[in-house]
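Chains as they are written, first to last, in numbering that gives the first Met the number 0: chain E, 0 to 117; chain C, 0 to 326; chain W, 0 to 500; chain P, 0 to 108.
Cβ coordinates follow ideal geometry from the N, Cα and C atoms, glycine included.
This one's a predicted model, so the numbers in the text were calculated from it and none came from an experiment.
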Amino acid sequence: MSLIFEHFNHWVVVILMMIGLYIVITANNLVKKVVGLNIFQSAVFLMYITMGKVVGGTAPILAEGVTQYSNPLPHVLILTAIVVGVATTAVGLSLVLRIKSAYGTIEENEFQNKEDVI
Amino acid sequence: MTVLIDLILLAMLVITAFRIIYIKDLFSVVMLFGIYSFLCAALFVTLDAVDVAFTEASVGAGISTVLMLSTIAITGRKEKLSLHSHTFATLIVLLTGGALIYGTFDMPLFGLADNPVHEHVAPRYIETSPTEIGLPNMVTSVLASYRGFDTFGETVVVFAAAIGVFSLLGVRGKPTELLAQEQGLTQHKVLRVVAKISIPLIILFALYVQFHGDFGPGGGFQAGVIAAAAFILYALTFSLRKAVGVVSPRFVKYLAPVGVLLYASVGLVSMLNGANFLDYNVLAADPVDGQHYGIIIIELGVGITVFSVMLGIFYAFAGQVEKANVQ
Amino acid sequence: MFEQHLAVLPVLLPLIAAPLVVLINKPRAAWLLSTLFVGACVYISFGLVSATMDGGALRYALGGWEPPWGIEMRVDSANAFVLLTVSVIATLVLLFAKESIASEVAHKQLPLFYSAYLLCLAGLSGILITGDAFNLFVFLEISSLATYTLVSLAADRRCLTAAFRYLVMGTIGATFILIGVGMLYMKTGTLNMLDLAERIQAVESHRTINTGLAFIMVGVSIKLALFPLHMWLPAAYSFAPSAVTAFLAGTATKVAIYVMLRFVFTIFGAGYVFEQMNMEIIVLVLALAGIFQCSFVATTQSNIKTLLAYSSVAQVGYIILGVSLVSLTGLTASLLHIFNHALMKAALFMAVGAVFYRMGSVQIIAFQGLGRRMPWTMSAFTIAGLSIIGVPLTVGFISKWYLVTAALEQGNWLVAFLVLVASLFAVVYIGKVIEAAYFKEPSEDADATKIKEVPVSMLIPMWLLVLANIYFGIDTSLTVSAATAGAEALLNGSSLVGGVQ
Amino acid sequence: MSALDYLSAALLLLGFIFSLSGAIGLFRFPDFFTRIHASSVTDSSGAVCIILGLALQTNFDLVTVKLLFILFFLLLTGPTGSHALAKSARHGGLLTIPECQEKAKDGVS
Chain E
0 MSLIFEHFNH WVVVILMMIG LYIVITANNL VKKVVGLNIF QSAVFLMYIT
50 MGKVVGGTAP ILAEGVTQYS NPLPHVLILT AIVVGVATTA VGLSLVLRIK
100 SAYGTIEENE FQNKEDVI
Chain C
0 MTVLIDLILL AMLVITAFRI IYIKDLFSVV MLFGIYSFLC AALFVTLDAV
50 DVAFTEASVG AGISTVLMLS TIAITGRKEK LSLHSHTFAT LIVLLTGGAL
100 IYGTFDMPLF GLADNPVHEH VAPRYIETSP TEIGLPNMVT SVLASYRGFD
150 TFGETVVVFA AAIGVFSLLG VRGKPTELLA QEQGLTQHKV LRVVAKISIP
200 LIILFALYVQ FHGDFGPGGG FQAGVIAAAA FILYALTFSL RKAVGVVSPR
250 FVKYLAPVGV LLYASVGLVS MLNGANFLDY NVLAADPVDG QHYGIIIIEL
300 GVGITVFSVM LGIFYAFAGQ VEKANVQ
Chain W
0 MFEQHLAVLP VLLPLIAAPL VVLINKPRAA WLLSTLFVGA CVYISFGLVS
50 ATMDGGALRY ALGGWEPPWG IEMRVDSANA FVLLTVSVIA TLVLLFAKES
100 IASEVAHKQL PLFYSAYLLC LAGLSGILIT GDAFNLFVFL EISSLATYTL
150 VSLAADRRCL TAAFRYLVMG TIGATFILIG VGMLYMKTGT LNMLDLAERI
200 QAVESHRTIN TGLAFIMVGV SIKLALFPLH MWLPAAYSFA PSAVTAFLAG
250 TATKVAIYVM LRFVFTIFGA GYVFEQMNME IIVLVLALAG IFQCSFVATT
300 QSNIKTLLAY SSVAQVGYII LGVSLVSLTG LTASLLHIFN HALMKAALFM
350 AVGAVFYRMG SVQIIAFQGL GRRMPWTMSA FTIAGLSIIG VPLTVGFISK
400 WYLVTAALEQ GNWLVAFLVL VASLFAVVYI GKVIEAAYFK EPSEDADATK
450 IKEVPVSMLI PMWLLVLANI YFGIDTSLTV SAATAGAEAL LNGSSLVGGV
500 Q
Chain P
0 MSALDYLSAA LLLLGFIFSL SGAIGLFRFP DFFTRIHASS VTDSSGAVCI
50 ILGLALQTNF DLVTVKLLFI LFFLLLTGPT GSHALAKSAR HGGLLTIPEC
100 QEKAKDGVS
């Protein structure tokens, strides 16, 4: 029983990652693909933050009377990763907009037919 | 008790994400994604990552959602039927998921203080950073000093995104070239009054977050996003034309590299003083003072770049929406 | 002062130049500034190669924080060698790009192009020299974002879908690497590569480490376009602006291969990856499958850029094949081929770019009769093509020689035989182009009077690469000794801990 | 537990009830306007109760002030948001249920 609770976070993270990946692969619409990528990445962020948590600890900001802090390093890494994520999202969505104006559609099955077979 | 909250939030996350798979209405998808981000942020708070929660809320639920909404405003809000092979996707997902689950059985248990993660590198940050760097917020210390080069890279990533978006969508022209069409929510008197009250407050809050990040949650990145959000709100309620009149896209385009250069210049000054790149100890006679100066300046650099890039990206997207509306 | 900062300058110079270029906002000045900074990178890389030749390593603690608390840059003979390759290619492509890009990208966007180019170079150099696993991810994303931008700048609308596909695949790959690094961090508590290597040995239960290894290998394989995860590459290379293709073909996949080498040999240890996990069999099979499948597809293409792109995937297969042999000779062959393939592919793509500059097309029909009209370009293409095939007196021969030797060393006759057979495919696809250029009459609709040789500024970098192809094919002492030093550095990862200067 | 604690608990409970009823209303009410009515009114009152309840739990220092700031901001933005939403819906041509019925009747006759 304790195994379930101790690993619950990890498993949920895995499920979320897989949902994100599934959306990326199956989505026909490019915007939805970007949403899927974001879900996938957020799940990874959750994995990092989960490992930084110490039960009974507090946020890593120095305070009187606190001896146990959670680990600040994963927080720093994920701050960086979130920024990377939004940067990718912005570039991806601008590509979607350009694709829309160039092809008139952002549904994958529709524009792939017009494209030369690579 | 926190475990219970944790479990409920996780369950809600899964439900939200699962729902997104099946919904074909993109507007709902984007809204659910915003909710997903907020849930993530709430979860980060329960996991003690307040800085991360702050960023996730402002970026994931804020900027990303706004960008996605402006995209679907142009591309339409319906996803058509998917023709992809779902068995292939299911196979890949099961394979990857299986590998991950296999990996989890060996993972250190959740939240124990003697996990390897907490033992090797992290104790130094927790124990000595308040004296070495002199800041109570350890996240800021690690972010800006110990791993300052990562943060420099992060600022450059934001800048790279701006280069990408500007070259793809173009930087908006001068205000005079714009279409005369008056946009904005002229009908919404209440909204405009409230926006007028809250915009100065938001900017004030951004400044607080910028300069108080050493002591509490916050820092250049969050502050930049919040400040950009104030101008985005202005553009949405009072028309893009007016917002462009206040902060022009050209100005934004030239401001973005300035932040990166400001960050780099701190490192170069360290080099001139004979130390390694981004070594703040040599910036003042007393190393702790030097750390403080260095961190304030680099956070300012981050704030400037993030603010200008986020606003610039919004202008680029909003310009596209405007163009689409005219056609 | 200069000496002291040698190890960080290859990243720092382009990172500072990129925002300056945007501020200047004048195409000519932007080009000049970029070339100056990138040229300086070449000079520094030479310095790094000579400083690490004796098997030592340069370490540079950023922010003055000693690792593993801070981030360190770490240059040994392996990454110095790849770094030199990357910066040389970057400089030559930049010289080539001045005319070529001006004809393919809108004038207003040129400063943004140069900025993205510099960011890409900075990202690639950062990946090469960083000694921190997470920092590697950050630089990976810098280079990736810049690459998506570069690919999408072409005039052909298909570059947009290619860039988007690349973005999706690239982001998944990078996120996989992030997952893997997270798992390593979870078990060891550190992110510094050397520190990781030491502490992984001490981990007793291996499941999480195994999963981390699997995710990192898959993520990197997407980035380096290992068969069957290569599907983004042909599209991206075919529709990107010519200069960008030349640059990416010479650098991006090479850097990704280096990342794989670094993770396998330095962090996990060859013994763990290959003896305990038996990865070499999977990698060997995939490499051979990639060589044959993509070489075959290349022979069927009529778009020459696509043809060369598939050839690139096949050549990646050769490099990975060398790694999978897990021997000093095999690894030397891989490193040599990283350098040599960069020389030949950049030259080939430049030649194709030159044809595009004059003809506005890269279909095989456009090449007909060009042997007489663009003699310099086509002879450059021919020599570089011979190099791809592996004709003696070119660098291609040297790579293949070492690869076959490595295979024979282990008594692996089959692999050696297959490598030679695969070269026949190269004869077919390169021969196709040469035949069109020299033995066919120009197609009638091409206006013969307009077609003439491209400007000298495009020919010079192209011919420098071609001459390098021949020079290093005859005098191999420099490249082979650098590659051997690099291979030794990778194989004896642990001994380097002591060998710090 | 002091009197303040009891007061705080009562406020928190009240806030909980408000929020819950809002959520139920969101599901049970028939159309957009009634639903936004349910959610916006209870949201604001629930937020007031919860934040006041939380404020009573603090030591009346900076945290209390911050909570009050949050309350001020919520009171400013929450109703405005619902108002803008409802107004946009109205401008977009969304009708209430009685109006729909009337229209249907007109159409028949």
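I believe residue i touches residue j by the beta-carbon criterion, under 8 angstroms. Please report the beta-carbon distance rounded to the nearest angstrom.
| i | j | result |
| --- | --- | --- |
| A16(W) | S44(W) | About 16 angstroms; that fails the 8 angstroms criterion. |
| I171(W) | V23(E) | 7 angstroms |
| M259(W) | L223(W) | 6 angstroms |
| V141(C) | P71(E) | 5 angstroms |
| F37(C) | G217(C) | About 18 angstroms separates the two Cβ atoms, so there is no contact after all. |
| M168(W) | I221(W) | 6 angstroms |
Per DSSP, residue i is paired with what?
| i | result |
| --- | --- |
| M72(W) | Y59(W), T129(W) |
| N191(W) | D131(W) |
| T265(W) | Paired residues: none, contrary to the question. |
| Q362(W) | N302(W) |
| N28(E) | E106(E) |
| N136(C) | I60(E) |
| K77(C) | D24(C) |
| Y68(E) | T57(E) |
Could you please give the first and the last residue of the uninterrupted alpha helix (DSSP H) stretch that includes residue i?
| i | result |
| --- | --- |
| A224(W) | It is not in any alpha helix (DSSP H) - A224(W) carries neither H nor E in the DSSP assignment. |
| A105(W) | Element bounds for A105(W): n/a, residue is neither H nor E. |
| I22(C) | Unbroken run through I22(C): none, as it is neither H nor E. |
| K52(E) | Counting along the chain, K52(E) falls outside any alpha helix (DSSP H), and DSSP gives it neither H nor E. |
| N468(W) | 455-473 |
| N324(C) | 286-325 |
| Q3(W) | Where Q3(W) is concerned, there is no enclosing alpha helix (DSSP H), given that its DSSP letter is neither H nor E. |
| S264(C) | 248-271 |
| V193(C) | 188-211 |
| V58(C) | Run containing V58(C): none; DSSP gives neither H nor E here. |
| A255(W) | 241-260 |
Check whether chain P comes within 9 angstroms of residue i, counting only Cβ atoms and requiring the distance to be less than that.
| i | result |
| --- | --- |
| L200(C) | yes |
| I196(C) | yes |
Verify the CB distance criterion: does residue i have a CB-CB separation below 9 angstroms to chain E?
| i | result |
| --- | --- |
| F133(W) | yes |
| L178(C) | With a pLDDT of 49 at L178(C), under the threshold of 50, the modelled position of that residue is not reliable, and no figure is offered here. |
| N324(C) | no |
| G96(C) | yes |
| E185(W) | Reading the sequence as shown, one finds Met at residue 185(W) and not Glu. Output row for M185(W): interface = yes. |
| A48(C) | yes |
| S307(C) | no |
| S36(C) | yes |
Measuring only between beta-carbons, confirm whether residue i sits less than 9 angstroms from chain C.
| i | result |
| --- | --- |
| A101(E) | no |
| S43(P) | no |
| R261(W) | no |
| G64(E) | no |
| T76(P) | yes |
| S38(P) | no |
Is the CB of residue i under 9 angstroms away from at least one CB in chain W?
| i | result |
| --- | --- |
| I22(E) | no |
| M0(E) | Low local confidence applies: a pLDDT of 41 at M0(E) is under 50, so the model's placement there is unreliable, with the coordinate-based value given in what follows. Output row for M0(E): interface = no. |
| R146(C) | yes |
| D24(C) | no |
| Q67(E) | no |
| N114(C) | yes |
Beta carbons nearer than 9 angstroms to chain C: which residues of the stretch 51-62 of chain E have them? G51, K52, V53, V54, G55, G56, T57, A58, P59, I60, L61, A62
Could you name the residues of the stretch 298-313 of chain W whose beta carbon sits closer than 7 angstroms to any beta carbon of chain E, in the order they occur along the chain? T305
Anything in the stretch 52-84 of chain P with a Cβ closer than 8 angstroms to a Cβ of chain C? List those residues in chain order, please. F72, L75, T76, T79, H82, A83
Looking at chain W, which residues of the stretch 245-271 of chain C have a Cβ within less than 7 angstroms of any of its Cβ atoms? Y253, P256, V259, L260, A263, M270
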